[in-house]
């Protein structure tokens, strides 16, 4: 083919490519438009009450990112600051997000042509039999350097829709990463407060053990004097042994909570040792807002919402299967039987032109695939609504827990104060010689039991506060979610 003929073909292909590019620019919008599904909400939460929470003002009263600082506990703050860097669940979630972003970049590469080359050098010999041509029995060397370029224009939006699917999936992965981070911080705070609760319980129990030991010694002395029975001594011994067993269980529980904290920090269990608490924890006021705001504050809700967007775009991908695939390809290069002539102009070769492929019969495959993706979309909508409803439930549950615990603490505090007065009265009567010291010990043991119950309620209150913060999203907002463009890079 001569040079003018070559340029004529190139001109025709260029014009055809220009037409195709115009079609591509005009776009072919396939797939349903995305609309956020509605979720049933109420104007406010049902639970009202204690001073441990308040109605949030727009932005001003919102929970901030480092929500654990509201408890004003330096040891807790120091531990929480180590979570992001050491927690392996967070590291895995970050890796999943990075992988999702890489998938977007892989898909975006389909917008552009692919260029390949396969240089080759081969020695060949033509057989004498069955050929009778002059070249029979000849051995020759062939040098070739071909370059192939191919491009599939995105006429029907298949690549564009796939990019959308993967970008929304990357956004979902980013929200999941934030949810994993929230859970790790909340788990650490919960373990920390339970550890401190165990310490407080043990401090009270140590006093209880001393009281029971005195009680047992006194009962044994009374038995020797004939004023107490063996059954009374056995009962005192049983109470002491039970308290000692409980003390051992508290030691085990503290060690386990300490080990759990170490793992959350990405450390071996033996690598973390926490000193005893030095101050009481401040219980903050929690701004709760309204239920509708929760849809924008929970990263797990954002995860399921972005999954809906991805499923919606996937329907559009399925619809592009009804249209033909158009491929523009060109191959050119040089080949020769002589290395000296390899780069000579006559050694060139080329081939260029479009190709199209359309499925004529698939026995319902494409229709079934589209139906599959519509069903997956419906599933993602149901998951989104269920996640939102569960979030509302978690907020209400913890608000109810805080309300009830606030009442329980008031009642238990009154019981503790009454028990203290009873101990004072028993000691006064014993000093006056009106009652035996056994009555004082009995009153002290009762006081310690009431104090243990009070400490248990305090620990539950702290846990419910952490769980409420977690249920409210821990200060996260959908505005912190990377855009599809940001998730694509």
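Numbering (mature numbering (1 follows the signal peptide of the UniProt record, and there is no 0)), first residue to last: -25 to -1, 1 to 464.
All C-beta atoms, glycine included, are put in the ideal place defined by N, C-alpha and C.
All values derive from a computational prediction rather than experimental measurement.
Chain-order list of residues whose beta-carbon lies under 6 Å from that of residue i (same chain, five-residue window excluded)
i: residue 79; result: 141, 142, 145 and 463
i: residue 45; result: 259
i: residue 75; result: 144, 145 and 148
i: residue 436; result: 380
i: residue 222; result: 180
i: residue 114; result: 100
i: residue 269; result: 366
i: residue 26; result: Because residue 26 carries a pLDDT of 48, less than 50, the predicted location of this residue cannot be relied on, and the following value inherits that uncertainty. Excluding positions up to five away in sequence, the list is empty.
i: residue 119; result: 95 and 310
Residue i - containing alpha helix (DSSP H), residue span
i: residue 187; result: 133 to 199
i: residue 377; result: 340 to 406
i: residue 70; result: 63 to 83
i: residue 421; result: 412 to 446
i: residue 284; result: 274 to 294
i: residue 232; result: 205 to 239
i: residue 50; result: 49 to 55
i: residue 462; result: 459 to 462
i: residue 268; result: 266 to 269
Limits of the unbroken beta strand (DSSP E) element including residue i
i: residue 547; result: With the chain covering -25 to 464 only, the question about residue 547 has no answer from this structure.
i: residue 90; result: 89 to 92
i: residue 323; result: 323 to 332
i: residue 125; result: 114 to 126
i: residue 99; result: 95 to 100
Beta-carbon proximity list for residue i, same chain, < 7 Å, skipping 5 on both sides
i: residue 229; result: 170, 173 and 174
i: residue 469; result: Lying outside -25 to 464, the shown extent of the chain, residue 469 is not represented and no answer is given.
i: residue 40; result: 450
i: residue 52; result: 43 and 44
i: residue 154; result: 274, 275 and 278
i: residue 2; result: Here the model assigns residue 2 a pLDDT of 47, short of 50, so the residue's position is not dependable and the matter cannot be decided.
i: residue 247; result: 233, 236, 237 and 240
i: residue 362; result: 275, 276 and 279
Rounded straight-line distance, which links the Cα of residue j to that of residue i
i: residue 329; j: residue 130; result: 14 Å
i: residue 409; j: residue 416; result: 15 Å
i: residue 185; j: residue 192; result: 11 Å
i: residue 446; j: residue 370; result: 6 Å
i: residue 387; j: residue 418; result: 16 Å
i: residue 334; j: residue 341; result: 10 Å
i: residue 278; j: residue 355; result: 10 Å
i: residue 364; j: residue 443; result: 15 Å
i: residue 373; j: residue 217; result: 33 Å
i: residue 359; j: residue 151; result: 13 Å
i: residue 350; j: residue 357; result: 11 Å
i: residue 252; j: residue 7; result: 58 Å
i: residue 199; j: residue 208; result: 11 Å
i: residue 448; j: residue 14; result: 18 Å
i: residue 380; j: residue 423; result: 20 Å
i: residue 233; j: residue 164; result: 12 Å
i: residue 455; j: residue 70; result: 19 Å
i: residue 55; j: residue 439; result: 18 Å
i: residue 406; j: residue 397; result: 14 Å
i: residue 126; j: residue 87; result: 7 Å
i: residue 471; j: residue 414; result: Residue numbering for the chain in the displayed model covers -25 to 464; residue 471 lies beyond these limits and cannot be assessed.
i: residue 367; j: residue 250; result: 37 Å
i: residue 183; j: residue 22; result: 38 Å
i: residue 302; j: residue 58; result: 51 Å
i: residue -1; j: residue 460; result: Interpretation of residue -1 is limited by its pLDDT of 47, a score under 50 that renders its predicted location unreliable; the figure taken from the coordinates is listed afterwards. Cα to Cα, residue -1 sits roughly 19 Å from residue 460.
i: residue 31; j: residue 89; result: With a pLDDT of 41 at residue 31, under the threshold of 50, the modelled position of this residue cannot be trusted; read the value that follows with caution. One C-alpha to the other measures close to 55 Å.
i: residue 243; j: residue 231; result: 12 Å
i: residue 391; j: residue 425; result: 6 Å
i: residue 245; j: residue 263; result: 38 Å
i: residue 404; j: residue 18; result: 59 Å
i: residue 305; j: residue 331; result: 14 Å
i: residue 428; j: residue 72; result: 45 Å
Cβ distance (whole Å) where residue i is taken to contact residue j below 8 Å
i: residue 176; j: residue 225; result: 6 Å
i: residue 190; j: residue 211; result: 5 Å
i: residue 12; j: residue 283; result: 7 Å
i: residue 16; j: residue 267; result: 5 Å
i: residue 384; j: residue 432; result: 5 Å
Residues near residue i by beta carbon distance below 8 Å, same chain, minus five either side
i: residue 430; result: 172, 175, 176 and 179
i: residue 323; result: 307, 308 and 309
i: residue 287; result: 6, 7, 9 and 352
i: residue 63; result: 241
Residue i: CB within 7 Å of a non-hydrogen atom of the ligand GDP
i: residue 420; result: This structure simply doesn't include the ligand GDP, nor any ligand for that matter.
Point to revise | the stretch 293 to 300 touching the stretch 154 to 163, judged by at least three CB pairs closer than 8 Å | key: no
Check your understanding: Is the stretch 260 to 280 touching the stretch 80 to 87 in the sense that three or more CB pairs, one from each, lie closer than 8 Å?
Key -> no
Point to revise | Cβ pair count under 8 Å reaching 3, the stretch 341 to 352 against the stretch 239 to 252 | key: no
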